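In my numbering, the protein residues as written are 652 to 1085.
Everything on this sheet refers to the single structure shown next.
Below, the structure is given as structure tokens:
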């Protein structure tokens, strides 16, 4: 049964992946048609075509390799300086440029002269290229918020899991009570496992991070209001100074770093907590920030990936994963021995995280990514603006095709990185469980 559920999870993830790609390309397609650009093809996947059907002037289809998708727009690049689509040259760089320019004019038909992508105003081209990643962002936000507001999220709560008997520093090698160690303030106050702390020092608390801050900041004797067996009780405690694990600005523990702060001496329980709308929005913002930081940190992860893929090194839990790794994780999620609702919630989080990654990745200002075309259109706007201000001739459209040699280098780096992640995902995957 576990194997069957794992396979089911992988299949469902692949379907989610295909939907995310189709959704992305739909953003490009709809805005391109809105601005009158002719789109001969809308394809999900790469490689041989499995299925296609023509509707109007556009062929819609699915290809064999579900690792991306594309729409083909006529006239992505302007003609060369001589006004021609293709030039003869022995230069490999010129060949790259003119091959790309020639491909942009495939299937050119009479009457298409006014339906070319490059003839549209820069702001329209920005919208067309931004619409794809934006669709992924919309989907990610909708899924994240939907899960947080309905299913909830597994998080640290204000319910007491256990109470320490005596005071031990956080960096102590042995957490057993040494001789003569004083009782913890929590133990002395009569705090019990299962108590839900709803008030601290006269203030109501809604979450663990707020309670944690109050405990560390408040000094002197404090009151603790707890819910126990359906009734509220008020306890009195006097926190003491102790060495505790440092927390960052987001309330997360910083492993290996310690500070001296007020201390009660209990461990909070974890549980699934449904979020309010403000809490969900705050968490969504944090997820986006974490995603951007993870993207910036990708180059620093390459040595660890190489070590995990070829030297048998340990695969870090925060290591980048590709489609194969994400599919494997999805299979593990579906096979987990947790309530079905939480399996659905965690799986949806994976799909949302994938869409958020697509948005952030595609917004990099590099060809052949959408962000590269956006950067080209914005640069054209800047050039034309200064030409008007300085009363100089219109410089015309910026020829993004001239950047194709750089695009090939970028694409080669992406391909190598993708292959490295693929090998690591196969031989030394990230696992949810041991």
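Here a beta-carbon is modelled for each residue, glycine too, at the ideal position from N, C-alpha and C.
Bear in mind that the values here come from a model prediction, so they are computed numbers and not experimental data.
Rounded C-alpha distance that separates residue i from residue j
i, j, result
"residue 987", "residue 994", "7 Å"
"residue 804", "residue 688", "43 Å"
"residue 655", "residue 795", "27 Å"
"residue 1036", "residue 697", "39 Å"
"residue 913", "residue 874", "14 Å"
"residue 674", "residue 783", "8 Å"
"residue 888", "residue 833", "14 Å"
"residue 872", "residue 1008", "48 Å"
"residue 984", "residue 996", "10 Å"
"residue 839", "residue 814", "10 Å"
"residue 904", "residue 759", "59 Å"
"residue 876", "residue 855", "9 Å"
"residue 954", "residue 1011", "22 Å"
"residue 686", "residue 694", "20 Å"
"residue 844", "residue 968", "31 Å"
"residue 1005", "residue 664", "10 Å"
"residue 1087", "residue 974", "It is not possible to answer for residue 1087, since the shown part of the chain is limited to 652 through 1085."
"residue 713", "residue 1013", "21 Å"
"residue 883", "residue 918", "20 Å"
"residue 836", "residue 906", "24 Å"
"residue 765", "residue 966", "53 Å"
"residue 1024", "residue 847", "54 Å"
"residue 1040", "residue 938", "42 Å"
"residue 933", "residue 798", "14 Å"
"residue 972", "residue 789", "22 Å"
Terminal residues of the beta strand (DSSP E) in which residue i lies
i, result
"residue 795", "That residue, residue 795, is in no beta strand (DSSP E); its alpha helix (DSSP H) goes 773-801."
"residue 715", "709-723"
Residues that residue i bridges to, as DSSP identifies them
i, result
"residue 919", "811"
"residue 704", "711"
"residue 912", "893"
"residue 693", "711, 722"
"residue 924", "804"
"residue 904", "898"
Buried or exposed by the 16-neighbour rule on C-beta atoms within 10 Å, applied to residue i
i, result
"residue 1076", "buried"
"residue 976", "buried"
"residue 779", "buried"
"residue 700", "exposed"
"residue 1047", "exposed"
"residue 885", "exposed"
"residue 802", "buried"
"residue 771", "buried"
Residue range of the alpha helix (DSSP H) that includes residue i
i, result
"residue 993", "991-1013"
"residue 1039", "1021-1040"
"residue 1068", "1055-1078"
"residue 984", "974-986"
"residue 951", "949-961"
Report the start-end ranges of each beta strand (DSSP E) in the stretch 818-893 that is 3 residues or longer and not cut off at the edges.
847-851, 873-879, 882-888
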